[in-house]
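Engineer: Take this structure first; my questions come after.
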């Protein structure tokens, strides 16, 4: 059924680094197929983006612009009320996109963003989940490189194990094996803001592996996040802590909880940076500790402000199309006492673009388009219809297939039956 609203998608923060890339994807792939608009607080910057987009597709010279300011709630409400789905790219999200979430729930508008601010996500769940669920409104955080590879990769492998072996998973380990990409100033500043504003309660939440799970849900076997090198007996490899584990792992666990522990009855998840040997794991762990000090402590943040990219900055165009990533997922099946677990390995890879920014911008767009173009299929596959959700709970295999069509490769490497 056709929407009565003027736009199927509004890109909020369209003049920022990642927001502009989302618009480029639409210009190249969906212009003329999608009713959409750009939104932000600066009319002149948005007009500049529109002019640049017209060089990709001349039809973009007519793309509507919606001016809204996060400090003016009425302007945000006016923007949100015009869209079926808002794609939010304006961070720090706790500062610039919180009013958009609030308006989305009230106006019945679906919402996707690319935040990695786990404490803000936790607050969003507390404030909005029940009302959004009641209204069948999807508020879906973490729809970028953080945390879709981890979230959908785990969904993919556990779904495969369930469908081919008729078993749940005792645990899944997810490893970033290799990657090349740049850094965005907006992402760095979002992390700095998260740690700067963290209360004592927030600090405790960062230490809790199940801090995003619904209240009263079953807790699994996972404890604290890895802080030092560790050896995986399941994958027989050395690994180091991964900087985004604090977000990704909690999103994965929330997905399992929202889906009724579909991954396994006592499911555990571990994430790291695969190094292959102990020496490299030690060096990677030292870099992890340095990065943590920069974002988590006042002196580190003061140093970072002077040397790291500013918000709105990101990789140059050459680097943007010279990146890749390789994720590996290893599942161990649940068995009756005395039974021998099976090991299943899956991969998620992409090549030819920066994963954090060109990849993120495509990922969040495809998540939004699941709702725009494939809402009937989402219902058929049993995706959740409302609440503060994860990508896996909101979009599931529909998102996997859309991302496959966009160049992301989900594959079963070994174990179980071929997919």
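Residue numbers (this note's numbering): 46 to 464. Ideal placement from N, C-alpha and C gives every residue a C-beta, glycine not left out. In this text the structure is predicted, and so the values were computed from the model without any measurement.
1) Would a C-beta distance cut-off of 8 Å place residue 134 and residue 64 closer than the cut-off?
2) Assign residue 46 to buried or exposed, taking buried as 16 or more other Cβ atoms, counted over all protein chains shown, within 10 Å of its Cβ.
3) Can you pull the DSSP bridge partners for residue 167?
4) Could you tell me the alpha carbon to alpha carbon distance between residue 399 and residue 285, rounded to whole angstroms?
5) By a C-beta neighbour count over all protein chains shown, 10 Å radius and 16 as the cutoff for buried, is residue 374 buried or exposed?
6) What would DSSP say about residue 216, mapped onto helix, strand or coil?
7) How far does the beta strand (DSSP E) with residue 316 in it reach, from first residue to last?
8) Whose C-alpha, out of 163, 204, 168, 144, is nearest the C-alpha of residue 217?
9) Is residue 395 near residue 454, with beta carbons less than 8 Å apart?
10) Just to confirm before moving on: does the CB-CB distance between residue 433 and residue 159 stay below 8 Å?
11) Going residue by residue through the region 391 to 443, where are the continuous beta strand (DSSP E) segments of at least 3 residues, counting only ones entirely within it?
12) Along the chain, where does the beta strand (DSSP E) that runs through residue 128 open and close?
13) Counting pairs of Cβ atoms below 8 Å between the region 294 to 302 and the region 255 to 267, do you hit three or more?
14) On the premise that residue 55 lies in contact with residue 131, defined as a C-beta separation below 8 Å, what is that separation, rounded to the nearest angstrom?
15) Compare the C-alpha of residue 261 against each of 198, 84, 200, 305 and name the closest.
16) I'd like to confirm something about residue 208: is its beta-carbon nearer than 7 Å to some heavy atom of the ligand FAD, or not?
17) Spell out a yes or no on whether the region 418 to 435 and the region 162 to 174 are touching, meaning 3 or more CB-CB pairs, one atom from each, closer than 8 Å.
18) Just reading off the beta strand (DSSP E) that residue 189 is part of, what are its end residues?
Structural biologist: A quick look at the data gives this:
1) A contact, by the Cβ cut-off of 8 Å.
2) Any answer about residue 46 is weak, because its pLDDT of 45 lies below 50 and its placement is not dependable; what the coordinates show is given next. Residue 46 comes out exposed.
3) The partner list for residue 167 (beta bridge, DSSP) is empty, contrary to what the question assumes.
4) Inter-residue distance for residue 399 and residue 285 is about 22 Å (C-alpha atoms, whole angstroms).
5) buried
6) If DSSP states are grouped into helix, strand and coil, residue 216 belongs with the strands.
7) Boundaries of the beta strand (DSSP E) harbouring residue 316: 313 to 319, taken from the DSSP string.
8) 204
9) yes
10) no
11) 432 to 434
12) 128 to 133
13) yes
14) 5 Å
15) 305
16) The ligand content of the structure shown is nil, which means the ligand FAD is not present either.
17) At 8 Å Cβ cutoff, the stretches touch.
18) Unbroken run through residue 189: none, as it is neither H nor E.
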